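Structure first, commentary second.
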Amino acid sequence: MSYVPNHKPDTITMLAGPCSIESAEQLEEVGAALEELGLSWIRGGAFKPRTSPYSF
Numbered sequence: 180m181s182y183v184p185n186h187k188p189d190t191i192t193m194l195a196g197p198c199s200i201e202s203a204e205q206l207e208e209v210g211a212a213l214e215e216l217g218l219s220w221i222r223g224g225a226f227k228p229r230t231s232p233y234s235f
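Its first residue numbered 180, the sequence shown is counted upward by one per residue in the numbering used here.
Here it is as structure tokens:
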């Protein structure tokens, strides 16, 4: 079992974010929107088979 900080048995832990990160600006914009909704976790995939790590 994995440890999830701040998770309580009677709450739902939600990870949200873009499927793939396309730019720093996109990640910051999505992060700000999620924070306004009260979410404290973000998930964004940076490396996928079709994504080059050198394109950032």
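C-beta atoms are modelled at their ideal positions from N, C-alpha and C, and glycine is treated no differently. Because the structure is a prediction, the values reported are computed rather than measured.
task = Within the same chain, show all residues whose beta-carbon is closer than 7 Å to that of arginine 222, passing over the 5 residues directly before and after it, in chain order.
result = Leu194, Ala195 and Gly196
*Taking the C-alpha atoms as reference points, what is the distance between threonine 192 and glutamate 204?*
25 Å
Please report how far the alpha carbon of serine 219 lies from the alpha carbon of glutamate 207, in whole angstroms. 13 Å
Cβ distance (whole Å) where serine 199 is taken to contact glycine 224 below 8 Å: 5 Å
What does the alpha-carbon distance come out to for the pair valine 209 and proline 188? 27 Å
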